[in-house]
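So for the sequence shown, the UniProt record's numbering puts the first residue at 1; every next one is plus one. Built from N, CA and C at the ideal position, the CB exists for glycine as well. Quantities reported herein were computed from a predicted structural model and do not represent experimental measurements. First comes the structure, then the notes that go with it.
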Amino acid sequence: MAVLEFEKAGLRRAPARFSMGAILAVLSLAALAAAWLLPLAWIAVTSLKPAPEIIRLPIRWLPAHPTAHNFAVALTTNRTAPISRAFLNSTIVAVSETLLTLALDTMAGYALARLEFPGRRLAFGVVVASIMVPFQVTLVPLYLMFQQAGWLNTYQALVLPGLSRAFGVFLMRQFFLTLPRDLSDAARIDGAGPLTVFTRVALPLVRPALAALGIFTFLRSWNEFTWPLIATSRNDMMTLPVALSRLLGSFFVEYGIVMAGATVAALPLIIVFFVAQRQIIQGVALTGMKD
Numbered sequence: 001m002a003v004l005e006f007e008k009a010g011l012r013r014a015p016a017r018f019s020m021g022a023i024l025a026v027l028s029l030a031a032l033a034a035a036w037l038l039p040l041a042w043i044a045v046t047s048l049k050p051a052p053e054i055i056r057l058p059i060r061w062l063p064a065h066p067t068a069h070n071f072a073v074a075l076t077t078n079r080t081a082p083i084s085r086a087f088l089n090s091t092i093v094a095v096s097e098t099l100l101t102l103a104l105d106t107m108a109g110y111a112l113a114r115l116e117f118p119g120r121r122l123a124f125g126v127v128v129a130s131i132m133v134p135f136q137v138t139l140v141p142l143y144l145m146f147q148q149a150g151w152l153n154t155y156q157a158l159v160l161p162g163l164s165r166a167f168g169v170f171l172m173r174q175f176f177l178t179l180p181r182d183l184s185d186a187a188r189i190d191g192a193g194p195l196t197v198f199t200r201v202a203l204p205l206v207r208p209a210l211a212a213l214g215i216f217t218f219l220r221s222w223n224e225f226t227w228p229l230i231a232t233s234r235n236d237m238m239t240l241p242v243a244l245s246r247l248l249g250s251f252f253v254e255y256g257i258v259m260a261g262a263t264v265a266a267l268p269l270i271i272v273f274f275v276a277q278r279q280i281i282q283g284v285a286l287t288g289m290k291d
């Protein structure tokens, strides 16, 4: 009805016009997306091929005789940690690290942004400076500390080193700075204490930043390889990246099994990214904007 009235009034919609620059930008982004998806598609297709088809020349994209044998072997192998067990370990570590990081980084970011205490600027400077320290520098001290505590080959050793990194504290602080102070002042006038202002006023307003930080933390923890390789030596405590590396033999590589394990490891990341990509963009776009 609105469209008919619009046309009766003698008004016409302006035809959509696309500049050559916009068309080239869309084509470039489509080419980049195809280049990014091509290796993932090759991994998934190869995981369904029997061994003779994988090494066959000329290369065929689609398997002539698709099979789930590679997935069955990868999920139950005794050569290293079964992918099913490694998947469980990675899930426990990634979820635990994400939840604890959100709690710690949110409180630290709020304190550095809103609370007045001596040395606040110095504390923030130390946090920012710690970003320049490579994680590899801390590997030996971390290993010795967890060895003396008897925590090697435990979930504590896999989760604790990744908690409250400088990036998360910086991200949350910058986001809290964008909130109007009038909201917290009004809550204090109504009798709200610092904890109530933090949980009831500030936290609901920083959901985009929380979502972005949670996604970044989960992806980083899921893909972490160096520290789990050092901190675990038992098959039942290996995470997915370590278990996948152990699937590679010294003299012979069963590509179908490796590709099946890589497919299982990549699926959660792909799902998380496509489901939460809007929160990632919104969280990053709003960070650093100050009223």
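- Item | Which of helix, strand or coil DSSP assigns to H69 | Here residue 69 refers to the residue found at position 69 when the sequence shown is read from its first residue. Three-state DSSP puts H69 in a helix.
- Query: Where are the beta strand (DSSP E) runs, 3 residues long or more, that stay fully inside the segment 84 to 119, in chain order?
  - Reply: none
- Message: Give me the residue from R173, F225, L213 with the minimum Cα distance to A202.
- Response: Numbered from 1 along the sequence shown, position 202 holds the residue referred to as residue 202. Answer by Cα proximity: R173.
- Does the beta-carbon of P228 have 16 or more other beta-carbons within 10 angstroms, so that it is buried, or is it exposed? Residue numbering aside, residue 228 sits at position 228 when the sequence shown is read from its first letter. P228 comes out buried.
- Task: Using beta-carbon positions only, say whether T101 and M259 come within less than 8 Å of one another.
- Result: Here the question's residue 101 lines up with position 101 in the sequence shown. Here the question's residue 259 lines up with position 259 in the sequence shown. The answer is no: Cβ separation not under 8 Å.
- Query: Which of the three DSSP states, helix, strand or coil, is assigned to W227?
  - Reply: For the purposes of this step, residue 227 is taken as the residue at position 227 of the sequence shown. Here W227 sits in helix by DSSP.
- Around the C-beta of T138, are 16 or more other C-beta atoms found within 10 angstroms, so that it is buried, or is it exposed? Along the sequence shown, one-based indexing puts residue 138 at 138. Classification of T138: exposed, given that the 10 Å Cβ count is below 16.
- Task: Indicate whether the contact test is met: 3 or more Cβ pairs, each with one atom in the segment 215 to 223 and one in the segment 93 to 100, closer than 8 Å.
- Result: yes
- Item | Inter-stretch contact (C-beta, 8 Å, three-pair minimum) for the segment 81 to 88 and the segment 230 to 238 | yes
- R181 lies in the alpha helix (DSSP H); which residues open and close that run? Here residue 181 refers to the residue found at position 181 when the sequence shown is read from its first residue. 181 to 189 is the span of the alpha helix (DSSP H), which, as asked, contains R181.
- CA-CA distance, F175 and V126? Start at 1 with the first residue of the sequence shown, and residue 175 comes out as number 175. Start at 1 with the first residue of the sequence shown, and residue 126 comes out as number 126. So the two alpha carbons sit approximately 19 Å from each other.
- Kindly indicate which residue of L163, G119, R278 has the alpha-carbon position closest to the one of P208. Reading the sequence shown from its first residue, position 208 is the one you call residue 208. It is R278.
- Query: By Cβ distance, which residues of its chain are closer than 6 Å to G214, with the 5 residues on each side in sequence left out?
  - Reply: Working through the sequence shown from its first residue, we reach residue 214 at position 214. The residues are T98, L102.
- Item | Helix, strand or coil at R60 according to DSSP, with G and I counted as helix | Indexing the sequence shown from 1 puts residue 60 at position 60. Coil.
- Query: Looking at C-beta atoms only, is the number of pairs between the segment 42 to 62 and the segment 187 to 206 that lie closer than 8 Å three or more?
  - Reply: no
- Taking Cβ to Cβ, would you say A157 is nearer than 8 Å to A243? The residue given as residue 157 occupies position 157 in the sequence shown. The residue given as residue 243 occupies position 243 in the sequence shown. Not in contact: A157 and A243 (Cβ atoms no closer than 8 Å).
- Task: Quick one: residues in its chain with C-beta nearer than 6 Å to the C-beta of E7, no 5 flanking neighbours on either side, listed in chain order?
- Result: Here the question's residue 7 lines up with position 7 in the sequence shown. A caution first: E7 carries a pLDDT of 49, below 50, which makes its placement in the model unreliable, though a value can still be read off. Counting only Cβ-Cβ distances below 6 Å, and skipping sequence neighbours, we find nothing.
- Is A86 near the ligand MN, with its Cβ less than 7 Å from a heavy atom? For the ligand MN, the structure offers nothing, since it holds no ligand at all.
- At a cut of 8 Å, does the segment 258 to 272 reach the segment 34 to 46 through at least three beta carbon pairs? yes
- Query: Among the residues of its own chain, which have a CB less than 7 Å from the CB of A166, if the five just before and after it don't count?
  - Reply: Residue numbering aside, residue 166 sits at position 166 when the sequence shown is read from its first letter. If we look at A166 and ignore the five residues flanking it on each side, its Cβ neighbours are V127, V128, S130, I131.
- Anyone know if the C-beta pair for T217 and G168 falls short of 8 Å? As a first step, residue 217 is located in the sequence shown; it is residue number 217 there, counting from the start. As a first step, residue 168 is located in the sequence shown; it is residue number 168 there, counting from the start. Cβ distance < 8 Å, so T217 and G168 count as in contact.
- In its own chain, which residues sit with a C-beta less than 6 Å from the C-beta of A74, not counting the 5 before and 5 after it? As a working note, residue 74 is residue 74 in the sequence shown. Only I83, I257, A260, G261 meet the Cβ criterion.
- Message: In whole angstroms, give me the CA-to-CA distance for P66 and A35.
- Response: Working through the sequence shown from its first residue, we reach residue 66 at position 66. Working through the sequence shown from its first residue, we reach residue 35 at position 35. Taking the straight line joining both Cα atoms gives about 24 Å.
- Task: Identify which residue in F273, M20, T106 has its Cα closest to the Cα of L177.
- Result: One-based indexing of the sequence shown puts residue 177 at position 177. Measuring from the Cα of L177, the nearest candidate turns out to be T106.
- Task: Determine the closest residue to D197 out of S233, T77, L160, A111, with distance taken between C-alpha atoms.
- Result: If you number the sequence shown from 1, residue 197 lands on position 197. A small correction: the amino acid at residue 197 is Val; Asp does not occupy that position in the sequence shown. If we check each option's Cα against that of V197, A111 comes out closest.
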